[in-house]
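Each remark here refers to the structure printed beneath this line.
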Amino acid sequence: MIELKRVSKSYQNCALPAVANLSLQVNRGEFVFLVGPSGAGKSTLIKLVFREQTPSSGQITFEGRDLSKLKQKELLRHRRRIGMVFQDYRLLKQKTVYENVAFALEVIGRPVKEIRRKVPAALAEVGLTGKEKAFPAELSGGEQQRVGIARAIVKDPLIILADEPTGNLDRNNALQLMELFETINRSGTTVIIATHAWDLVDRMKKRVVAMENGSLIRDEQRGSYGNEHLST
Ligand code: ADP
Numbered sequence: 493m494i495e496l497k498r499v500s501k502s503y504q505n506c507a508l509p510a511v512a513n514l515s516l517q518v519n520r521g522e523f524v525f526l527v528g529p530s531g532a533g534k535s536t537l538i539k540l541v542f543r544e545q546t547p548s549s550g551q552i553t554f555e556g557r558d559l560s561k562l563k564q565k566e567l568l569r570h571r572r573r574i575g576m577v578f579q580d581y582r583l584l585k586q587k588t589v590y591e592n593v594a595f596a597l598e599v600i601g602r603p604v605k606e607i608r609r610k611v612p613a614a615l616a617e618v619g620l621t622g623k624e625k626a627f628p629a630e631l632s633g634g635e636q637q638r639v640g641i642a643r644a645i646v647k648d649p650l651i652i653l654a655d656e657p658t659g660n661l662d663r664n665n666a667l668q669l670m671e672l673f674e675t676i677n678r679s680g681t682t683v684i685i686a687t688h689a690w691d692l693v694d695r696m697k698k699r700v701v702a703m704e705n706g707s708l709i710r711d712e713q714r715g716s717y718g719n720e721h722l723s724t
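Everything in the sequence shown is counted per this note's numbering, starting at 493 for the first residue and increasing by one.
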């Protein structure tokens, strides 16, 4: 579903490219951990797939479409098919749990009837039934990230892209969240998670794509984190 062909991305005023000549294919239904030290290019790769950034060279296709060729309408459609999850949750503080998740559908113009049906279902899936009226500040970090995941899955995305989703959580919460991602993946949604949580990566035995200095240095099915964590 995603194919990167010799993709490079250089930021202005940066001597070295953030992503360097990287080729990678991810198929529908896969669960992929993206690992590597800080600065390896993991976030940039995620931003390239979301088309928040564009490559300096090379080509990225998503479901057979060249991302560099999307017109404005197609770009919105592309982004609707992706559920983003962030390290810092990025919830709206003035909105309740229910409203935060509903908002993801409101902004893409979904009908009220659908919102009333889908929001409770998404909250149930992440184990937050009963917390609908709470505000983010009243929730634990783990619960806030569950809201972030509910907001991502409520759109029925083809893929979840998560950038350090457990970075602010203790190990127990992190493990539970990884298991939640696994459950979501089992129902058919492709999942890509950039993470430093090497102990969880080792435990989950999923595909591991390791990056260093913008390059892909390892790609293993049922992989482990490897030694990269020693340099983080
Ligand atoms: P990771 O997610 O693996 O920590 P990043 O993709 O965030 O790596 O960063 C890769 C490299 O690109 C780093 O050297 C970083 O400083 C640089 N970089 C990332 N974002 C920007 C930006 N918006 N402007 C300039 N340089 C950036």
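Just so you know, even glycine gets a beta-carbon here, dropped at the ideal spot from N, CA and C. Source: prediction; values computed, not measured.
Output the distance between the C-alpha atoms of Glu-495 and Thr-658, rounded to the nearest integer angstrom. 26 Å
Enumerate, from N- to C-terminal direction, the unbroken alpha helix (DSSP H) stretches of 4 or more residues contained entirely within the stretch 581–638. 589–598, 604–617
Skipping 5 residues on each side, what residues in its chain have a beta carbon closer than 7 Å to that of Ala-644? Gly-575, Met-576, Val-577, Ile-652
Regarding Ser-707 and the ligand ADP, is the C-beta to nearest heavy atom distance less than 7 Å? no
Report all residues for which the CB-ligand distance to some heavy atom of the ligand ADP is below 5 Å; order them along the chain. Tyr-503, Cys-506, Ala-510, Ser-530, Gly-531, Ala-532, Gly-533, Lys-534, Ser-535, Thr-536
Sorted by chain position, which residues of the same chain lie with C-beta nearer than 6 Å to Ser-554's C-beta, five sequence neighbours on each side aside? Looking at the sequence provided, one finds Phe at residue 554 rather than Ser. Ile-494, listed in sequence order.
So, for Lys-697: in the same chain, excluding its five sequence neighbours on each side, which residues have a beta-carbon less than 6 Å away from its beta-carbon? Arg-714
Between which two residues does the alpha helix (DSSP H) carrying Glu-566 extend? 564–572
Under 8 Å: do the stretch 584–596 and the stretch 624–631 share three or more Cβ pairs, one atom per stretch? yes
Taking the alpha-carbon positions, what's the Thr-724 to Gly-521 distance? For Thr-724, the predicted structure reports a pLDDT of 49, less than 50, and the residue's modelled location is therefore unreliable. A value from the coordinates is still provided. Distance between the alpha carbons of Thr-724 and Gly-521 is about 30 Å.
Out of Pro-529, Glu-566, Val-700, Leu-540, state which residue places its alpha-carbon closest to the alpha-carbon of Ser-502. Leu-540
Buried or exposed: which applies to Ser-716, given that a residue is buried once 16 or more other Cβ atoms fall within 10 Å of its Cβ? buried
Flag this pair as yes or no: are the beta carbons of Val-593 and Ala-629 separated by less than 8 Å? no
Buried or exposed: where does Thr-536 fall if 16 or more other Cβ atoms within 10 Å of its Cβ makes it buried? buried
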